[in-house]
Amino acid sequence: MTRRGFTTRQVHERSSRAAQVAVTPRATPIYLTAGFEFDEYEQAAAHFGQGEGYAYTRIGEHTLAALEGGSQALLLASGQAATSVALLSLLESGQHVVASTHIYEGTRGLLRDNLSRLGIRTTFVDDIRDLGAWEAAIRPETRVLFAESISNASNRLIDTTALAGVARRHGIPLVIDNTFATPYLIRPLELGADVVVHSASKFLAGHGSVLGGAIVDSGRLDLARAAELFPHFATAGRGGVPSLLERVGGDARIAYAREAVAPRFGPTPSPLNAFLIGQGIETLSLRIQRQSANALAVAQWLAGRPEVASVDYVGLPSHPDHDLAVRYLPDGFGSVFSFTLRGDADTARRFVAALDVFTHMTHLGDVRSLVLHPASTSHTFLTEAERTAVGVFPGTLRVSIGIEDADDLIDDLAQALTAASRVPVAVLA
75 MTRRGFTTRQ
85 VHERSSRAAQ
95 VAVTPRATPI
105 YLTAGFEFDE
115 YEQAAAHFGQ
125 GEGYAYTRIG
135 EHTLAALEGG
145 SQALLLASGQ
155 AATSVALLSL
165 LESGQHVVAS
175 THIYEGTRGL
185 LRDNLSRLGI
195 RTTFVDDIRD
205 LGAWEAAIRP
215 ETRVLFAESI
225 SNASNRLIDT
235 TALAGVARRH
245 GIPLVIDNTF
255 ATPYLIRPLE
265 LGADVVVHSA
275 SKFLAGHGSV
285 LGGAIVDSGR
295 LDLARAAELF
305 PHFATAGRGG
315 VPSLLERVGG
325 DARIAYAREA
335 VAPRFGPTPS
345 PLNAFLIGQG
355 IETLSLRIQR
365 QSANALAVAQ
375 WLAGRPEVAS
385 VDYVGLPSHP
395 DHDLAVRYLP
405 DGFGSVFSFT
415 LRGDADTARR
425 FVAALDVFTH
435 MTHLGDVRSL
445 VLHPASTSHT
455 FLTEAERTAV
465 GVFPGTLRVS
475 IGIEDADDLI
485 DDLAQALTAA
495 SRVPVAVLA
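Following the numbering used here, the numbering of the sequence shown begins with 75 at its first residue and continues without gaps.
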């Protein structure tokens, strides 16, 4: 064999492919590569024609699809990327979304400010338990119903099965953000929803180290109505390539997201982030069990404190959606909730400053317990009326309960309540 030049060798000399695949690692391997070679000429054509295999770095997460009871999943670079790709796969200019008012503020902003610039309008439903309100908001051009399984920040629940029935009657998909519940507590696809999105940065990863998002599709699609309502699924590709409906049938939604939206808008996750999310998923149930039990203990304790005006935790009988929680959340009520202190924003500030075990940061789903003041952070650009509508007041705090010992969390909250209730000397003077 002719000896190749130095520069050629430094690029091409490596272990043979056979040697690379001869071992079987127990943990999911990290492939730090921007792309994957095709074994045969026909394999490249199969990828671009039928979407088989990988061309660029890992964008599929089969474990999550299995846990959600879905057909296929797509891993993306962030939760907002997952929501954006899911919606852009279904919507075009002139169309309409009906969404719950009680959703992550970043998603509300996406719908209200960004997609509206593309000619996509949204109607927000305030009373999310009122199926008639959802039905009344649907227009001929509506293409998506969107809600969260457990909402941010007032812990509202929807009746997923009933709302899925409304969506099905109109032939439009119900998209559920399942970040707060995770598939361990609620599996919306099994309750009739069509698409689930996640911020994988939160509970799925669990360690607060990486960003990631995911879309999981049910694989259920009314093929006849899909061709009418989503003609881009039924349109043949350039060069006579069969349409998505012809090629993949019920997986047309996720195939369009994978083939036409995600790679063109570019929110592909890094291999390392995909690996760390996969590692986190392996302990998901253990963490959620512990966090949910801790959260219930903390919420019950807070509800009995005179310094606390209200606790918005769906696990408490006082919550307006507790009846749904008993039905839909038999394995735990989740671990993110809000409570409102008696007092004002300064009371909340003193409370947060006094905490020691809780970490003050804008995140959730971590193994560590976290706290945030929504009115001055995530909801700061809303009007007072808009904040009130979603249960955010000057004294409201959102907590994400971790895996620490519950007694330590309660002790930390107790001393912070004492510190917050002290009237500053300057006020007395």
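Each residue gets a CB set at the ideal place from its N, CA and C atoms; glycine is no exception.
Quick caveat: nothing in here was measured; it's all calculated off a predicted structure.
- Query: Three-state secondary structure (DSSP) at residue 450?
  - Reply: helix
- Segment limits, beta strand (DSSP E) that includes residue 222: 216-222
- Query: Around the C-beta of residue 346, are 16 or more other C-beta atoms found within 10 angstroms, so that it is buried, or is it exposed?
  - Reply: exposed
- Would you mind sorting residue 408 into buried or exposed? The rule is 16 or more other CB atoms within 10 Å of its CB. buried
- Please name the residue in 419, 378, 328, 146 whose C-alpha comes closest to that of residue 16. Outside the modelled stretch of the chain, which goes from 75 to 503, sits residue 16, for which no answer is possible.
- Message: Quick check on residue 470: does DSSP put it in helix, strand or coil?
- Response: strand
- DSSP state of residue 427 mapped onto helix, strand, coil: helix
- Supposed close pair residue 279, residue 286 - CB separation, criterion 8 Å: 7 Å
- Message: Taking its Cβ as the centre, do 16 or more other Cβ atoms sit within 10 Å of residue 157, making it buried, or is it exposed?
- Response: buried
- Task: Look at the alpha carbon of residue 366 and the alpha carbon of residue 357, and state the distance between them as a whole number of angstroms.
- Result: 14 Å
- Item | Start and end residues, beta strand (DSSP E) containing residue 287 | Residue 287: member of the beta strand (DSSP E) spanning 287-291, first to last residue.
- Item | Outcome for residue 182 when other beta-carbon atoms lying within 10 angstroms are tallied against a minimum of 16 | buried
- Message: Assuming the contact rule is C-beta atoms closer than 8 Å, residue 236 and residue 205 should be a hit. Round their C-beta distance to whole Å, please.
- Response: 6 Å
- Item | Alpha carbon of residue 142 to alpha carbon of residue 472, nearest angstrom | 27 Å
- Query: Helix, strand or coil for residue 250 per DSSP?
  - Reply: strand
- Task: Reducing DSSP to helix, strand and coil, say where residue 158 ends up.
- Result: helix
- Task: Give me the Cβ distance between residue 276 and residue 138, rounded to the nearest whole Å; I'm assuming they're in contact under 8 Å.
- Result: Not confirmed; about 13 Å, so no contact.
- Message: For the pair the segment 440-447 and the segment 390-406, tell me if three or more CB-CB distances fall below 8 Å.
- Response: no
- Query: DSSP state of residue 434, grouped into three classes?
  - Reply: strand
- What does a CB cutoff of less than 7 Å around residue 134 pick up in its chain, not counting 5 residues either side in sequence? In this prediction, residue 134 has a pLDDT of 45, which is less than 50 and means its spatial position is unreliable; nothing more can be read from the coordinates.
- In three-state DSSP terms, what is residue 494? helix
- Item | Cβ neighbour criterion (16 or more within 10 Å) applied to residue 222 | The Cβ neighbour count for residue 222, taken over all protein chains shown within 10 Å, is at least 16; the residue is labelled buried.
- Item | Short Cβ contact (7 Å threshold) for residue 168 with residue 193 | yes
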